[in-house]
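If you're matching them up, the sequences are chains S and D in order.
So the first sequence is residues 0 to 132, counted in numbering that gives the first Met the number 0.
So the second sequence is residues 0 to 132, counted in numbering that gives the first Met the number 0.
Every residue, glycine too, gets a C-beta built ideally from N, C-alpha and C.
Treat the numbers as computed from the prediction; the structure is a model and nothing was measured.
Please read the structure below before turning to the comments.
2 protein chains.
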Amino acid sequence: MWYHVDPHSGIPIYIQLKEQIKKAVASNLLKEGEQLPSVRELAIKLTINPNTVARVYQELEREGIIETARGLGTFVARRREEYGAAQEDILERALESLMVEAYQLGVDQERLRIKFEKKLDVWRDRLKKEGDV
Amino acid sequence: MWYHVDPHSGIPIYIQLKEQIKKAVASNLLKEGEQLPSVRELAIKLTINPNTVARVYQELEREGIIETARGLGTFVARRREEYGAAQEDILERALESLMVEAYQLGVDQERLRIKFEKKLDVWRDRLKKEGDV
DNA sequence: ATCAGTGTACTAGTTCACTACTACACCTTA
DNA sequence: TAAGGTGTAGTAGTGAACTAGTACACTGAT
Chain S
0 MWYHVDPHSG
10 IPIYIQLKEQ
20 IKKAVASNLL
30 KEGEQLPSVR
40 ELAIKLTINP
50 NTVARVYQEL
60 EREGIIETAR
70 GLGTFVARRR
80 EEYGAAQEDI
90 LERALESLMV
100 EAYQLGVDQE
110 RLRIKFEKKL
120 DVWRDRLKKE
130 GDV
Chain D
0 MWYHVDPHSG
10 IPIYIQLKEQ
20 IKKAVASNLL
30 KEGEQLPSVR
40 ELAIKLTINP
50 NTVARVYQEL
60 EREGIIETAR
70 GLGTFVARRR
80 EEYGAAQEDI
90 LERALESLMV
100 EAYQLGVDQE
110 RLRIKFEKKL
120 DVWRDRLKKE
130 GDV
């Protein structure tokens, strides 16, 4: 639908596509259980190789974001609820990167907090817009 | 000093080193004007090629984080204070990535906020510990 | 059983990221 | 002006990342 990809951007095609799908899922544009376009269909629409789409789907499946069934298609997985040490660690690093980035950009802490809160609100709205189930 | 690097980690050496330096600057372990180890010195300590270190320094200079002078050495630059549309954009993306990541990890918004605040405090402490100038 | 849909495996080629070797250019001090 | 420090430039090789071509395997409906 709204997927698009630029082979000349320097960023690998499969990364571009993967990020778009991840974001779509996280912002509830793609809802739980919803079917994604087939490997071939998407490949044709984006004029890329089916294997490239397949790779994206495989990686997303390994990350537990989608589920795929041979002969049937690919679907958005149920959101995981568990939250262990590994997740904790990843989030920790992500936050640290954000701090470093902000500093490098010349953004002071107060400004960062405001930005963060604003973004959090936006996200909350997106998730609530079509309350799932 | 505390730099270390693993050639077998899968992550490029120059990325590892660059991130360490960026983080050191952002957390005020490396202060404004402070001199970094020379290309050769660091290369020998880490048993890597001088050019790899040089690449790190070049990229960091392009990002405005350090300043380099032929024949003299390399130094931590003054922190930039300007804050334009480009910066705004980068920060925006960083925040968005964080939201997506958190969602994927199964972290709800409230928990994310708490984590964020905690991290912000840690960072504030680091910056204040040796108030510059 | 057959068909038309789905995802998958295998293979291979091309590009480029990454690192290293070597030699050069600049600056400061004595 | 010579020496010893600094960063830099050019070149090259190895390997892996990325994508594509082609053929296979599974599923559900007819």
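query                                                                                                                                          : result
At a Cβ threshold of 8 Å, is Gly32 (chain S) touching chain D?                                                                                 : no
Answer yes or no: do Phe74 (chain D) and Glu66 (chain D) have a C-beta to C-beta separation smaller than 8 Å?                                  : yes
DSSP puts Ile65 (chain S) in a beta bridge; with which residues?                                                                               : S:Val75
Where does Gly83 (chain S) land, buried or exposed, given buried means 16+ other C-beta within 10 angstroms?                                   : exposed
Which two residues bound the contiguous alpha helix (DSSP H) that contains Val38 (chain D)?                                                    : 38-44
Name the DSSP bridge partner or partners of Gln34 (chain S)?                                                                                   : S:Phe74
So does the stretch 93-100 of chain S actually touch the stretch 100-118 of chain D, counting three or more Cβ pairs closer than 8 Å?          : yes
Are the C-beta atoms of Leu29 (chain D) and some chain S residue less than 8 Å apart?                                                          : no
Compare the C-alpha of Gln86 (chain S) against each of D:Arg110, D:Arg78, D:Ser37, D:Ile89 and name the closest.                               : D:Arg110
Can you tell me the Cα-Cα spacing of Asn48 (chain S) and Val99 (chain D), whole angstroms?                                                     : 27 Å
Quick one: is Gly9 (chain D) near chain S, going by C-beta distance under 8 Å?                                                                 : no
Identify whether Glu81 (chain D) lies in helix, strand or coil by the three-state DSSP scheme.                                                 : coil
Does the stretch 113-132 of chain D come within contact of the stretch 19-34 of chain D, defined as at least 3 CB pairs closer than 8 Å?       : yes
Is there a C-beta anywhere in chain D that falls below 8 Å from the one on Glu58 (chain S)?                                                    : no
Mind listing the chain S neighbours of Gly105 (chain D)? Cutoff is C-beta to C-beta under 9 Å, in chain order.                                 : Arg78, Arg79, Glu80, Glu81, Tyr82, Gln86
For the alpha helix (DSSP H) that contains Tyr2 (chain S), what are its first and last residues?                                               : Careful: Tyr2 (chain S) lies outside any alpha helix (DSSP H) and carries neither H nor E.
Since Ala101 (chain S) meets chain D, which of its residues come closer than 8 Å, beta carbon to beta carbon?                                  : Leu90, Ala93
From the beta carbon of Trp97 (chain S), is the nearest beta carbon of chain D less than 8 Å away?                                             : It is Leu, not Trp, that sits at residue 97 (chain S) in the sequence shown. Leu97 (chain S) counts as touching chain D.
Tell me which same chain residues have a C-beta within less than 7 Å of the C-beta of Gln19 (chain S), skipping the five on either side of it? : Tyr2
Around the Cβ of Lys117 (chain D), are there at least 16 other Cβ atoms within 10 angstroms (buried) or fewer (exposed)?                       : exposed
How long is the line joining the alpha carbons of Lys114 (chain S) and Val4 (chain S), rounded to whole angstroms?                             : 29 Å
With DSSP run on the structure shown, which of helix, strand or coil describes Asp131 (chain S)?                                               : With a pLDDT of only 48 at Asp131 (chain S), under 50, the local geometry of the prediction cannot be trusted, and no value is derived from it.
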